[in-house]
Structure formats: C-alpha cells, structure tokens
Amino acid sequence: MFIRNCLTPKNELTLLQSSITIKEALSLMQGSHYSLPVVSEEGSYLGILSKRSILEYMETQDDGMTLTSLYEHEISNCIDVSANESVDLHTSHFEDCLPIIVRYPFVPVLDNGTFVGIVKRSFIERTLEDCFGVGVDGTRILIGVHNQSGTLHTITKILHKYDINIISDIAFEADSSYLRRILIKIEKSPHLDKVTSEIEKHGFRILEIE
1 MFIRNCLTPK
11 NELTLLQSSI
21 TIKEALSLMQ
31 GSHYSLPVVS
41 EEGSYLGILS
51 KRSILEYMET
61 QDDGMTLTSL
71 YEHEISNCID
81 VSANESVDLH
91 TSHFEDCLPI
101 IVRYPFVPVL
111 DNGTFVGIVK
121 RSFIERTLED
131 CFGVGVDGTR
141 ILIGVHNQSG
151 TLHTITKILH
161 KYDINIISDI
171 AFEADSSYLR
181 RILIKIEKSP
191 HLDKVTSEIE
201 KHGFRILEIE
C-alpha cells in the first residue's frame, strides 16, 4: 500500500506554528488533541508538541516563574524534535510507518521536504486488523515452510480443491529450522482435516491450528 492511500492531508489537521505561545497552543489542543504537528512558516516539519512535552518544559523552569509568564513562552521551547522521523509521499510504503508509530502518536508525511499530512495511528490499526481478518469468523492455520518458490500457490491450490475461501494470509520469519511461517485464516470448513493432511504431504508442517 502506498503512503498516498494512507494520508490524512494537512488541510484536515490542526497545525501549530513554532512561534505561537504555550497558551495559544493549549487552546488549540483543547478536547481530543493531545499531540499536534508543528511546522515552520515555510512548511517544514519541526516535530511534535504534546501536553507532556509542555509539562516537561515547565518543570525545567525556575520555581519563581509564574504560570502566567510561562504561558507566554513560545512553543519552540517545548517541541519534541526527536520525533522527526517521517515517510515520503512517493517512495515510502505502509510498512515503513510501523517502526515510527510504535514510538509516536502519528507518522509525518513529507513531499520533497515539505509537510503534507500524517498517517494516523487509527488508520494503521484498522489496516492491520484487516490484514489479520479481525472480527471475521474463521480458522487460523500456522504453517512452517522452507524458502522455496511456489509455496503459496501450492497451499492455495489445496484450499481451492475443497472450495475454501482465504480470509487473510501473513508471512513471518521463523525461529526454528523452518525459514518461514505462514499464518492463513480460512473460512470454517468440514474438510479441515483433509486440508491439513494434504498440506503436510507436500512437505510443509502444520505448527498450530486455532
């Protein structure tokens, strides 16, 4: 899946300029916004501002400083600049978002260095749910396979023989003598025993059925 198919464009987002005050930012963050992207006047992505990063900045200030005066500080002091990992609109793919979203609340998307939007965590969660067939009743079969061509074709041919539809299939690296693991979720069938028997006759190993 290409990033452009995952994008929430910037015109649908609340964006912050680094020159606004903490008070102004908190006003914009009222409600459901706990973290927001910060961009420069030129459109470059600068990082994330969150209520947590604001609090951490406030904790570093002198005890004698009033809350009113702190609110007048620019948010440029509070931006989480470590959250500058991004994906490219044209060259990145959905899976490139995964190592970023586990650390940050959204994935910034750039086009030639210019911020154009984000990939939301909720979109990534829904996509992964679709990949695993979450919410769809069926049977999961975990198969250990060697790294050889035609593996998936052989398995799907067996399923087709018994007129069984595939709900989802995901491949994983294996942690045993088998090089790969394939997790296939199929619709429930009275022919499950015959299917698994034929799969093993073709040299694959049934690791788990659920």
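First residue of the sequence shown? That's 1 in UniProt numbering, and the numbers climb one at a time after it.
In this text, a Cβ means the ideal position worked out from N, Cα and C, and glycines have one as well.
Predicted model only: the values in this text are computed from it and were never measured.
Cβ distance (whole Å) where residue i is taken to contact residue j below 8 Å
| i | j | result |
| --- | --- | --- |
| I101 | R121 | 6 Å |
| V136 | C6 | About 22 Å separates the two Cβ atoms, so there is no contact after all. |
| T14 | H33 | 6 Å |
| L183 | D193 | Not really, about 19 Å apart at Cβ, beyond 8 Å. |
Which of helix, strand or coil DSSP assigns to residue i
| i | result |
| --- | --- |
| D169 | strand |
| I155 | helix |
| I20 | coil |
| P9 | strand |
| L26 | helix |
| L128 | helix |
| R180 | strand |
N- and C-terminal bounds of the beta strand (DSSP E) containing residue i
| i | result |
| --- | --- |
| D163 | That residue, D163, is in no beta strand (DSSP E); it is neither H nor E in DSSP. |
| E208 | R205 to I209 |
| T14 | Unbroken run through T14: none, as it is neither H nor E. |
| D137 | Counting along the chain, D137 falls outside any beta strand (DSSP E), and DSSP gives it neither H nor E. |
| G117 | T114 to K120 |
| P105 | That residue, P105, is in no beta strand (DSSP E); it is neither H nor E in DSSP. |
Limits of the alpha helix (DSSP H) - the one that residue i falls within
| i | result |
| --- | --- |
| I101 | L98 to I101 |
| I199 | L192 to K201 |
According to DSSP, residues forming a beta bridge with residue i
| i | result |
| --- | --- |
| K185 | R140 and S168 |
| F2 | H93 |
- prompt: Of all the beta strand (DSSP E) runs that stay within the bounds of the stretch 28 to 95, which reach a length of 3 or more residues?
  reply: Listed in chain order, they are 35 to 39 and 45 to 50.
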